[in-house]
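Structure record follows, encoded as C-alpha cells.
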Amino acid sequence: MKKHLIFLILLTVSVLSATAFADSHYAIMVDAGSSGSRLHVFEYEITLSVPVIKDIFSESVKPGLATFADHPDAAGLSLKQPLDDARQILKSKGVSLSLVPVSIFATAGMRSLPEDKQAIIYQHVTDYLQQSYPFSIAAVHTISGKMEGLYGWLDVNYLLGNFTTHQATVGSIDMGGASTQIAFSTEDQTHAEDEIAVTIDQQRYVIFSKSFLGLGQDQAREAMLANPAASSCYPEHYLFKGKEQGRFSSAQCQAVYADLLEQKQVSQQLIPLSGRRFIAYSGIYYTFDFFGVDKTPREAELETSLQNVCNNTWEQLKNNYPQVPEKYLAIYCANGIYFEQLLYKTYYLHDAELTVTNKLNQQEIDWTLGAMLYELVR
817 MKKHLIFLIL
827 LTVSVLSATA
837 FADSHYAIMV
847 DAGSSGSRLH
857 VFEYEITLSV
867 PVIKDIFSES
877 VKPGLATFAD
887 HPDAAGLSLK
897 QPLDDARQIL
907 KSKGVSLSLV
917 PVSIFATAGM
927 RSLPEDKQAI
937 IYQHVTDYLQ
947 QSYPFSIAAV
957 HTISGKMEGL
967 YGWLDVNYLL
977 GNFTTHQATV
987 GSIDMGGAST
997 QIAFSTEDQT
1007 HAEDEIAVTI
1017 DQQRYVIFSK
1027 SFLGLGQDQA
1037 REAMLANPAA
1047 SSCYPEHYLF
1057 KGKEQGRFSS
1067 AQCQAVYADL
1077 LEQKQVSQQL
1087 IPLSGRRFIA
1097 YSGIYYTFDF
1107 FGVDKTPREA
1117 ELETSLQNVC
1127 NNTWEQLKNN
1137 YPQVPEKYLA
1147 IYCANGIYFE
1157 QLLYKTYYLH
1167 DAELTVTNKL
1177 NQQEIDWTLG
1187 AMLYELVR
C-alpha cells in the first residue's frame, strides 16, 4: 500500500506540473526479467475514462538482475545504457525529469532468489538510481506471478480496445524464461487466492491469474535435461551437456514434458478454460513463428511442422536455417514440444480458441503497459 501511495503521489505531481505539455505525462517502467531487463518510457493521458498510454521508447539489456546475486554492487550499473537513453529522450521533450517516476518490477528470475539476496540487489539498484539520475523512484521490487499475469491480461485487452468498446475480453498466456502465466476474466468464486478484481471505465472485472514458477521455457528445459530421455528432445547428432547426442523422438519428448507438467500439477490448479479465447505471446510466439504455423494454429499443423523440421539431423538443420543462431536453433524442437503439451494437452485449448502473436493492432505485447494501466485505474 505504501509503495502504491508513493507511485500515485508521483503521478499526481507529474500531472499537476505538466500543463505545458498539453495532457501528456511520462513514466519509466522496467521489466526486470530472468534473462534481461527491458526499460519502457510511457506517455499517458488520464483525462478519459480509459487512460491513453503510448510506449514511446523501449530498450533491452542483458543479463537479468538475478544474475548479480553474488556481486550485487554491479546490478544498478547494468541498467545504465537504457536509463541514459531514456533521460535523453525525455530531455528532448522538455520534460522535468524529477517529476518522472521510475518503477523497476522484477519477475521470476528474482522470485527464484532468497529474499535477503533480492533485498541487497534492490538496495544497490536504488542507490545507483538516486546517485546517477534525477528521476523519482516509485518502486523497486519483485512482483508476484499473480500480478504479472494480471498485467499481461490488461495489456492484451487494452491493445485490442476491449476496455473502450466494452467487448468480451480474451485470456492471455505469457511464456518467460523462468515462469509462465495464464490469466482470464471469470465469474468463478472458488479460487480467491488466484483472483483479483480491477475496475476500468466503471466496469468491474474479476481475473483468474496463475503463474507457474519453474515452467518458463528455460527452466522447463533445464528440468527436461534431468530426464533420462532428454536426448529425444534434441535433433539427431546434436551434442548437449557436453557429450550426449540428440535422438529426436516426438513421442518420447512429449512424454518427458507431460511428466514435468504432471509433477507441477498444472491442470489441477486451474479452473475450466473451455470456450474461452486466448492470446499467447512472448516465448510461444517466437517458437511458433520459427515453425511457420498459422497465427491461429491447429494442433495437427504444429505437430506436422515439428515432425518435418525436427526429424532432420543437426547438420541438416544448420544448413536449412543458416540465419538462425545455433543457440536458438538447438532448442526450438524442445520448446515446440513443450508448448504443444502445455497448450493442447494441459490447458486443453481447441484450435479456434488460441491466437499466437507478438503484436496486436501493430503494437508489441508487453505486460509493462498493463502495469502502467493498473497503476492509473486502481
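In terms of my numbering, the sequence shown is residues 817 to 1194. Ideal Cβ positions, reconstructed from N, Cα and C, are used throughout, including at glycine.
Task: Cβ neighbour criterion (16 or more within 10 Å) applied to T996 - done: buried
Open item on the list: Within a Cβ cutoff of 8 Å, which residues of the same chain sit near Y1021, ignoring the five residues on either side of it in sequence?
Closed with: T985, S1001, A1013, V1014, T1015
Task: Of the residues L970, F884, P917, S912, the one placed nearest S928, counting alpha carbons only - done: F884
- [ ] Put F1106 into one of helix, strand or coil per three-state DSSP.
- [x] helix
Task: C-beta atoms of G925 and S850 nearer than 8 Å - done: yes
Open item on the list: Beta-carbon within less than 8 Å of F1230's beta-carbon, same chain only, minus the 5 sequence neighbours each way: which residues are those?
Closed with: Within the shown structure, residues of the chain are numbered from 817 to 1194, placing residue 1230 beyond reach of any answer.
TODO: Measure the C-alpha to C-alpha separation of L945 and H887 and round it to an integer number of angstroms.
DONE: 17 Å
Task: Option in G1186, T1129, F1106, A954 with minimal Cα separation from Y1148 - done: F1106
Open item on the list: Quick check on this structure: which residue in F1155, K1134, G993 has the alpha carbon closest to the alpha carbon of L1199?
Closed with: A question about residue 1199 goes unanswered here, because the residues of the chain that appear run from 817 up to 1194.
- [ ] For the alpha helix (DSSP H) containing V972, list its first residue and its last residue.
- [x] 961 to 975
TODO: Would you grab the beta carbon distance between Y1183 and Y967 for me? Rounded to a whole angstrom, and I think it's under 8 Å.
DONE: Sequence check: residue 1183 is Trp here, not Tyr. Indeed they touch by this definition, with Cβ atoms about 4 Å apart.
Task: From L1158, E1142, E861, P898, residue whose alpha carbon lies closest to that of L1075 - done: The question names Leu, yet the displayed sequence has Asp at residue 1075. Among L1158, E1142, E861, P898, the Cα nearest to that of D1075 belongs to L1158.
Task: Contact between the segment 931 to 938 and the segment 898 to 913 (3+ Cβ pairs under 8 Å) - done: no
- [ ] Please state whether DSSP places Y1050 in a helix, a strand or coil.
- [x] coil
TODO: Identify, in the order they occur along the chain, each residue of the same chain with its Cβ nearer than 7 Å to the Cβ of E1180, setting aside the five sequence neighbours on each side.
DONE: N1174
Open item on the list: Am I right that I959 and S1066 are in contact with their C-beta atoms under 8 Å? What's the rounded C-beta distance?
Closed with: Not really, about 36 Å apart at Cβ, beyond 8 Å.
Open item on the list: Beta-carbon within less than 6 Å of E859's beta-carbon, same chain only, minus the 5 sequence neighbours each way: which residues are those?
Closed with: S840, Y842, K870, I872
TODO: Give the straight-line distance between the Cα atoms of F951 and H957, rounded to the nearest whole angstrom.
DONE: 17 Å
- [ ] Find the nearest neighbour of K933 within the set S908, A882, D1004, judged by alpha-carbon distance.
- [x] A882
- [ ] Just mark S908 as buried or exposed, buried being the case when its beta carbon has 16 or more other beta carbons within 10 Å.
- [x] exposed
Open item on the list: What does DSSP give as the partner residue(s) for D1167 in the beta ladder?
Closed with: According to DSSP, which records beta bridges pairwise, D1167 is partnered with nothing at all.
Task: Residue nearest to A1168 in terms of C-alpha spacing, selected from Q1123, A1116, E1142 - done: A1116
Task: Those residues which DSSP pairs with Q1179 across a bridge - done: L1176
Task: Continuous alpha helix (DSSP H) stretch holding L899: start and end - done: 896 to 908
Open item on the list: For I825 and Q1035, what's the separation of their Cα atoms in angstroms?
Closed with: Annotation note: pLDDT 45 at I825 (below 50); position unreliable, coordinate value reported separately. Computed Cα separation, rounded: 38 Å.
Open item on the list: Spatial neighbours of V1109 within its chain, please: C-beta separation below 8 Å, excluding the five flanking residues on both sides.
Closed with: E1117, L1118, S1121, V1172
Open item on the list: Once the 5 residues before and after A1046 are set aside, which same chain residues still bring their CB inside 6 Å of it?
Closed with: M1040
TODO: Look up K1080 in the DSSP assignment and say whether it is helix, strand or coil.
DONE: coil
Task: Local Cβ density within 10 Å of R1194, reported as buried at 16 or more and exposed below that - done: exposed
TODO: Output the boundary residues of the alpha helix (DSSP H) element that contains D943.
DONE: 931 to 948
Open item on the list: Using C-beta distances below 6 Å, list every residue in its chain close to D1004, excluding the 5 sequence neighbours before and after it, in chain order.
Closed with: I1087
TODO: Decide if V868 is buried, meaning its Cβ has at least 16 other Cβ atoms within 10 Å, or exposed.
DONE: exposed
- [ ] Excluding the 5 residues preceding and the 5 following P1051 in the sequence, name in chain order all residues of the same chain whose CB lies nearer than 7 Å to its CB.
- [x] G1062, F1064, C1126, N1128, T1129, W1130, L1133, C1149
TODO: Give the single residue among G892, R1092, E1156, V877 whose Cα lies nearest to the Cα of Y1073.
DONE: E1156
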